[in-house]
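First comes the structure, then the notes that go with it.
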Amino acid sequence: MAASNPTSPEGAAVLHAAIVMDGNGRWAKQRGLPRSLGHRAGVEALKRTVSAAAQTNIRWLTVFGFSTENWSRPAAEVAELMALPKRYFESDIERLEREGVRVRVVGRREGLSPELVRIIENAQARTAHNDRFFLNIAFNYGGRADIVDAARRFAAEVAAGRARPDDLTEATFDSLLATADSPPLDLIIRPSGEQRLSNFLLWEAAYAEFVFQDVLWPDYGADHLKAALAAFAARDRRYGAVIPDDVLAAG
Ligand code: IPE
Ligand code: MG
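Last residue of the sequence shown: number 251 in this note's numbering, and the count goes up by one each step with no gaps.
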């Protein structure tokens, strides 16, 4: 990730937010529906939430679509999850393109079908020129896998004689991660009532604020996002330091 957050043309702080899209299965179960329909409803929630986020000071949004651990789900469910990017892009890529959203799918390509890789590459190419809003979809992504991949890439540079071990700093390591092009992560939102990171953005989460919300992802929308941003705005981010008022009070 870049060293610091840019500001919008108006000078307002712009945010990089992340969402663990969770609760599709429970949403379906509550309605007596198959889990697949929960996942499809989750795609609709993603569309709503990207539109809503573009109206806020969020400018980078990274969503968790499929984790490296999700392969252990039943084959039929894995197949349904693998079909979601196609479903999403087929129904929304024109709007994303038109509204200035640049889409990136981050995660390992190994294990994805050639057709899915083509769909992903096509969505990325169609929106590559956009710069109003940045949507990263983590798919076949795991925080640990991403860290291991970055370490491997650096080790290969050392083995090839192009880098020395001391060249590795937090900043250079950062630039080897899947999120290298995005600014530091400000906020991680997890709906569905679960309160854990589940191997999402492990490195990037170092100073992010967490907001957990009791809503299942297929029900998520603009009002939930607003509530998450309000909770974020009330936080006191110190990055391990003290705020000036406290220094004065202590003095
Ligand atoms: C999120 O919903 C979708 C993915 C993790 C891919 P879940 O499928 O995890 O839904 P729950 O947690 O079973 O409700
Ligand atoms: Mg879940």
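Virtual Cβ for every residue (Gly too), placed ideally from N, Cα, C.
Those residues that bring their Cβ nearer than 7 angstroms to a heavy atom of the ligand MG are D22, G23, G25, S192, E194. Looking at the DSSP output, A18 sits in a beta bridge with T62, I188. A straight-line Cα-Cα distance of about 10 angstroms links T169 and S175. Around F66, the same chain offers L81, F139, N140 as residues with beta carbons nearer than 6 angstroms, after the five sequence neighbours per side are excluded.
Taking 3 residues as the minimum length, the beta strand (DSSP E) runs contained wholly in the segment 21 to 93 are 58 to 67, in order along the chain. Leaving aside the five residues that flank Y88 on each side, the residues in its chain whose CB is nearer than 6 angstroms to its CB run, in chain order, V43.
In this structure, G221 has its CB at a distance of at least 8 angstroms from all heavy atoms of the ligand IPE. For the 9 angstroms CB-CB criterion, A228 and V211 form a contact.
Across the structure, R162 and A151 are spaced so that their CA atoms are roughly 15 angstroms apart. The C-alpha of E99 is placed about 10 angstroms away from the C-alpha of I93.
Between the beta-carbon of A145 and that of T68 there is about 5 angstroms, and that keeps the pair under the 8 angstroms contact cut.
By the C-beta density criterion, S72 is exposed, having fewer than 16 other C-beta atoms within 10 angstroms.
Taken through DSSP and simplified to helix, strand or coil, Q195 comes out as coil. Secondary structure of V215 (DSSP, three-state): coil. DSSP places V103 in the uninterrupted beta strand (DSSP E) bounded by 101 to 106.
Of all alpha-carbon atoms in T49, Q195, E157, the one lying nearest the alpha-carbon of F173 is that of E157.
A check of alpha carbon separations from S36 across L187, E110, R109, N24 identifies N24 as the nearest. The beta-carbon separation of E209 and R237, rounded to 7 angstroms, stays under the 8 angstroms limit for a contact.
No heavy atom of the ligand IPE is found nearer than 8 angstroms to the CB of N122.
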